[in-house]
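For reference, the structure discussed in these notes is given below.
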Amino acid sequence: MKPIIDVAQDFGIPQEELELYGSYKSKINLSIMDDYASQPNGKLILVTAMNPTPAGEGKTLTTIGLSQALNVIGKRTIAALREPSMGPCFGMKGGATGDNKARIEPSEDINLHFTGDIHAISSAHNLLAAMIDNHIFHGNTLSIDPKRIMWKRVLDMNDRSLRQIIIGLGDNNGSTHESGFMITTASEIMAILCLSESLEDLKDRLGRIWIGYNFSNEIVTAAQIGAVDAMLVLLKDAIKPNLVQTIEGTPVIVHGGPFANIAHGCSSVLGTKIALKLADYVVTEAGFGADLGAEKFFNIKCRQSGLTPSAAVLVVTLKALKYNGGVAKAELDLPNLEAMQSGLANMKRHIENIKKFGVPVVVAINHFSADSKEEINFLVQYCNELGIRAEISNVWADGGQGGVGLANAVVEAITEAEVKSITQFHPLYDLELSIQQKIEKIVTDIYRGKDVQFSAKAIKQIKDAEQLGYGNMPVCMAKTPYSFSDQPKLLGAPEGFTVQVNGISVSAGAKFIVVYTGAVMTMPGLPKTPAAERIYLDDNGEIQGLL
Numbered sequence: 003m004k005p006i007i008d009v010a011q012d013f014g015i016p017q018e019e020l021e022l023y024g025s026y027k028s029k030i031n032l033s034i035m036d037d038y039a040s041q042p043n044g045k046l047i048l049v050t051a052m053n054p055t056p057a058g059e060g061k062t063l064t065t066i067g068l069s070q071a072l073n074v075i076g077k078r079t080i081a082a083l084r085e086p087s088m089g090p091c092f093g094m095k096g097g098a099t100g101d102n103k104a105r106i107e108p109s110e111d112i113n114l115h116f117t118g119d120i121h122a123i124s125s126a127h128n129l130l131a132a133m134i135d136n137h138i139f140h141g142n143t144l145s146i147d148p149k150r151i152m153w154k155r156v157l158d159m160n161d162r163s164l165r166q167i168i169i170g171l172g173d174n175n176g177s178t179h180e181s182g183f184m185i186t187t188a189s190e191i192m193a194i195l196c197l198s199e200s201l202e203d204l205k206d207r208l209g210r211i212w213i214g215y216n217f218s219n220e221i222v223t224a225a226q227i228g229a230v231d232a233m234l235v236l237l238k239d240a241i242k243p244n245l246v247q248t249i250e251g252t253p254v255i256v257h258g259g260p261f262a263n264i265a266h267g268c269s270s271v272l273g274t275k276i277a278l279k280l281a282d283y284v285v286t287e288a289g290f291g292a293d294l295g296a297e298k299f300f301n302i303k304c305r306q307s308g309l310t311p312s313a314a315v316l317v318v319t320l321k322a323l324k325y326n327g328g329v330a331k332a333e334l335d336l337p338n339l340e341a342m343q344s345g346l347a348n349m350k351r352h353i354e355n356i357k358k359f360g361v362p363v364v365v366a367i368n369h370f371s372a373d374s375k376e377e378i379n380f381l382v383q384y385c386n387e388l389g390i391r392a393e394i395s396n397v398w399a400d401g402g403q404g405g406v407g408l409a410n411a412v413v414e415a416i417t418e419a420e421v422k423s424i425t426q427f428h429p430l431y432d433l434e435l436s437i438q439q440k441i442e443k444i445v446t447d448i449y450r451g452k453d454v455q456f457s458a459k460a461i462k463q464i465k466d467a468e469q470l471g472y473g474n475m476p477v478c479m480a481k482t483p484y485s486f487s488d489q490p491k492l493l494g495a496p497e498g499f500t501v502q503v504n505g506i507s508v509s510a511g512a513k514f515i516v517v518y519t520g521a522v523m524t525m526p527g528l529p530k531t532p533a534a535e536r537i538y539l540d541d542n543g544e545i546q547g548l549l
C-alpha cells in the first residue's frame with residue numbers, strides 16, 4: 003500500500019483536508035467541497051447485479067476492478083463504496099472488500115471496526131432509545147405511549163434472539179414494554195447519514211425522526227426528546243467520508259453501509275459528490291440485485307441529491323444464470339447450457355428495468371476458472387442480440403488489466419449516449435402519487451407482479467402517514483433480495499404473483515417510506531455454520547478466514 007497521503011495528493015486532495023487514522027486510512031474534511039465547488043462533476047457509473055445467489059456474483063469485486071481498469075486506460079477514476087457491516091462478515095457472506103487482485107486495503111480494518119462510523123451510528127441510535135425510556139421514567143411530560151414506541155435498539159451483528167424483547171423488567175427499571183433490536187445498517191440514522199449533505203442537514207434530519215406516538219395519537223420526534231445535539235456530537239466525525247485505496251493505488255471513498263433489502267443500499271451522497279469533484283469517472287455500487295439496490299439508487303439517492311448516473315454495469319455470472327435456471331449450488335461449476343439459457347430471463351429483466359430509468363447498460367461477465375467457453379460465447383451473443391455490450395471481466399485474476407475490455411465498453415457506452423443525447427435519466431414514479439400507487443408501480447413495473455395485497459395494519463399506517471403530510475416521499479421496499487417477488491425461492495423471472503405488504507414506517511429524517519413485504523427481517527440471523535467459525539488469528543497475529 004501507498005501512504006494514504008500520497009494516494010490523496012495524486013488526486014489533488016491536500017494534506018490539510020485529511021484526518022489520518024494511521025498511515026493507510028483517512029477521513030476527508032467536508033470543507034473540500036468548498037475548495038472544489040467550481041470543478042465540474044465527473045461521470046457517475048453504477049455497478050449493480052442480477053439477483054444474488056449462494057455462489058456470489060462479485061459486484062463489489064467488479065466495482066473495484068472496473069475503477070482500476072478505468073485508471074489503466076487513462077481515465078482518472080475513484081471508487082465510492084459502502085462500508086461492510088460486521089453482521090454479514092461473521093455471518094454468511096464473510097468480508098466485503100473484494101478479493102485477490104481487485105481488493106481494497108487495509109481490508110481487515112475496513113471489514114471490522116474501520117474508523118468507527120458504524121459504532122458511532124449505533125451509539126447515536128441507542129442514545130435516543132435510552133433517552134426515550136428515561137423521559138418516560140422521569141414523569142413522561144410528552145405523554146408518550148410506551149406501547150407505541152417505534153424506535154428500537156440496534157447492534158452491528160446478526161442476532162435473531164434480539165428481534166423481539168421485553169425491556170424494563172425488575173424493580174425501578176422503567177416502563178415494562180415490548181421492544182427489539184435491528185441491525186445497525188437498518189437504522190434510520192444510517193440512512194440519514196448517507197443522505198445528508200452537511201452537518202446542518204444532518205442535524206435537521208435527526209430532529210425529524212419519529213420515535214412513536216403520544217396518548218393523543220400525535221407523533222413524537224427526536225427533537226422533542228431533546229436528543230439531537232448529543233446525537234450530532236456522536237456523529238460529527240462519522241459524517242466525514244473515509245479514504246482508502248485498492249491494491250493498485252486507486253482511491254476509494256468508503257462511507258456508509260445501509261443494506262438494500264431493508265434500507266436504501268447506497269454509499270453516502272457526500273462521498274459520491276466529493277469523488278465526482280476529484281475524478282473524471284466515479285464507480286459506485288448499490289446493494290443486492292438491481293430490483294433493490296439500483297431501484298433505490300435511482301429513486302431515492304439520485305432523486306434526493308440531484309445526482310445523474312451516466313451508465314450502469316450489470317454484473318452477471320454463469321453460475322447465477324444456471325442457479326436461476328434451476329441448478330443446485332453444488333452443480334453450478336458443471337456446463338449446463340440449457341439451464342443457463344433458462345436463467346437468462348432473470349438477466350434480461352434487470353436490463354429492461356435499468357433502461358426504464360433512461361440509463362445505458364453494459365453487462366460485465368464476472369469470469370470463473372470453471373466457466374465454459376461455449377456458455378460464455380452464447381451469453382455474449384445473446385447480449386449482442388439485445389443491443390447490449392457484454393465484456394468478460396477477469397479482474398479477480400488480473401486486476402485492472404483484466405477489466406480493460408469492460409472499461410472501454412463502459413466509456414464507449416457513455417460517449418455514444420452523450421453524442422446521441424439518449425441518456426435521459428429519470429426516476430420511475432412521480433412523488434405526487436399516493437404511497438399505495440408508488441408501491442404498486444414498483445411491484446408491477448420492476449418486479450412484474452400482478453397485484454399487491456395490503457394488510458389491515460399497512461392500510462392504516464399508510465392512511466396515517468398521508469394524513470400527517472408524508473405521502474409525497476419515495477418508498478424504500480424491504481424485500482427478499484433473492485427473487486423479484488417477496489418469495490425467496492421464486493427464482494428466474496416470475497410473473498403474475500402477489501406481493502404481501504405487512505406494514506410501513508415513516509423515516510421522516512431520511513425522507514422516505516419503508517415498506518415491509520413478505521417475511522423480510524430488519525435483524526438477520528446467523529446461518530447454521532457462520533463465517534465466524536472460520537475466522538481466527540494465526541501464530542503471527544494475522545487475521546485469517548475473513549476474506
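Residue 3 is where the sequence shown starts when you use my numbering, and the numbers rise one by one after that.
Note that the Cβ used here is the ideal one computed from N, Cα and C, for glycine as well.
According to the DSSP assignment, C91 belongs to the alpha helix (DSSP H) that extends over M88 to F92.
Unbroken alpha helix (DSSP H) stretches of 4 residues or longer found wholly inside the segment 149-208: 190-197, given in chain order. K443 and G389 have their C-alpha atoms some 26 Å from each other. Residue state for R105 is assigned as strand, using DSSP reduced to three classes.
In the structure shown, the three-state DSSP call for M35 is helix. The continuous beta strand (DSSP E) containing F514 extends over residues F514 to T519. M133 carries a helical assignment under DSSP once its states are collapsed to helix, strand and coil. A Cβ-Cβ distance of about 7 Å is found for the pair L294 and M479, placing them in contact under the 8 Å criterion. Within the model, the alpha-carbon separation for I241 versus L201 is close to 8 Å. Ranked by Cα distance from A347, the first of G360, A372, P362 and V318 is V318. F456 is bridged by DSSP to V503. Shown here for G251: same chain residues with a beta carbon closer than 7 Å to its own, the five before and five after excluded, namely K4 and V9 in chain order.
Between the segment 289-306 and the segment 230-250, the count of C-beta pairs closer than 8 Å stays below three; the two stretches do not touch.
When the beta-carbon positions are compared, L272 and P243 come within less than 8 Å of each other. Annotated three-state conformation of S312 is strand, per DSSP.
With respect to the 8 Å criterion, V284 and L316 are not classified as neighbours on the basis of their beta carbons. If you draw a straight line from the Cα of P42 to the Cα of K279, it is about 6 Å long. Looking at the DSSP output, I448 sits in no beta bridge, so it has no partner there. For Q343, the enclosing alpha helix (DSSP H) covers residues L339 to K357. Around the C-beta of G24, fewer than 16 other C-beta atoms lie within 10 Å, and the residue is accordingly described as exposed.
In this structure N73 does not touch T65 by the C-beta definition: roughly 13 Å separates them, more than the 8 Å allowed.
Exclusion of the five residues before and after T50 leaves K61, E287, A288, G291, A292, G295, A296, F299, A314, V315, L316, V317, H352 and I356 as the residues of its chain whose Cβ lies within less than 8 Å of its Cβ.
The three-state reading of DSSP puts Y215 in strand, counting E and B together. When secondary structure is reduced to three states using DSSP, L388 falls in the coil class, being assigned neither helix nor strand.
Restricting attention to F514, F499, D173 and P311, the CA atom closest to the CA of M475 is found in F514.
Comparing alpha-carbon positions, the option among L195, S371, A330 and F261 lying closest to I123 turns out to be L195.
C-alpha of L309 to C-alpha of T178: approximately 45 Å in a straight line. For L236, the uninterrupted alpha helix (DSSP H) run begins and ends at V230 to L237, by DSSP.
The bridge partners DSSP lists for E21 are K29.
Burial check for E19: the Cβ neighbour count within 10 Å reaches 16 or more, so the residue is buried. Contact between the segment 206-226 and the segment 523-541 is not established, with fewer than three Cβ pairs separated by less than 8 Å.
Here T500 has G451, K452, D453, V454 and Q455 as same chain residues with Cβ atoms under 8 Å from its own Cβ, once five neighbours each way along the sequence are excluded. The DSSP-derived three-state label of T50 is strand.
Secondary structure note for T286: its beta strand (DSSP E) is the uninterrupted segment Y283 to E287. Per the DSSP secondary-structure output, L245 pairs in a beta bridge with S28 and I255. Annotated as proximal: F370 and K321, with beta-carbon spacing under 8 Å.
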